[in-house]
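Notes follow once the structure below has been shown.
In the working numbering, the protein residues as written are 2 to 169.
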C-alpha cells in the first residue's frame with residue numbers, strides 16, 4: 002500500500018544531506034477509510050436490508066481507495082512548487098511564492114516618490130518639483146521665463162521650452 006500511496010508523487014524533500022520523507026497524519030488515512038466503509042455499508046443496508054459479504058468487500062475497497070486518494074492529495078498539496086515543476090506539473094498548481102523582501106513594494110514606491118522631489122536650493126530639504134517655494138524655509142524654487150512664461154527652476158540657465166538664456 003505504501004507503493005500505491007507514493008506512486009506519481011514527487012520525491013521526498015532533501016534538507017542538507019538527509020532526506021526527509023513526507024509525514025502524513027494517521028487520521029488522514031483512517032478517516033476517509035472509515036467514511037468510505039460506512040457509506041457503502043449503509044448503502045447496502047438501504048438496498049438489501051442486510052449487509053452481505055459482497056457489501057463488506059466493496060466497502061473495504063472503497064475505504065482503501067478513499068484513504069489512498071486522501072494521502073496522495075495531501076502530499077501533492079504540501080509538496081514544494083519546485084518539486085511540482087520537476088514532477089511535470091502534476092497535482093494542484095503551485096501557490097504564488099512570496100517575495101524575499103516583503104517591504105519591497107514600499108521601497109519601490111518611496112523611490113518613485115523621490116524621483117519627483119529635489120533638494121531645496123537654500124536649506125537642502127526635499128521639495129516637490131512642482132512647488133514654487135520650499136515649505137521648510139520659504140525660498141522660491143521656480144521663476145517664470147520672461148519670453149514664454151514657463152515655470153523654470155532657479156538653478157537653470159536656459160528655458161526648456163523656448164531656449165531663452167537667463168542671467169540671474
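Cβ atoms here follow ideal geometry from the backbone N, Cα and C, with glycine treated the same way.
Helix, strand or coil at residue i [DSSP, three-state]
i           : result
residue 1   : Coverage of the chain is limited to positions 2 through 169, which leaves residue 1 absent and any answer about it impossible.
residue 78  : helix
residue 122 : coil
residue 33  : helix
residue 42  : helix
residue 59  : helix
residue 166 : strand
residue 153 : strand
residue 142 : coil
Rounded Cβ spacing between residue i and residue j (contact assumed at less than 8 Å)
i           : j           : result
residue 121 : residue 137 : 6 Å
residue 60  : residue 38  : 4 Å
residue 53  : residue 45  : 7 Å
residue 132 : residue 140 : So it is not a contact: roughly 11 Å between Cβ atoms.
Neighbour-count burial assignment, residue i, 16 or more Cβ in a 10 Å radius
i           : result
residue 149 : exposed
residue 153 : buried
residue 41  : buried
residue 33  : buried
residue 109 : exposed
residue 67  : buried
residue 124 : exposed
residue 128 : buried
residue 64  : buried
Residues sharing a beta bridge with residue i, DSSP
i           : result
residue 66  : None; residue 66 has no bridge partner.
residue 137 : Per DSSP, none; premise fails for residue 137.
residue 158 : BP columns for residue 158 are empty, so no partner.
residue 128 : 119
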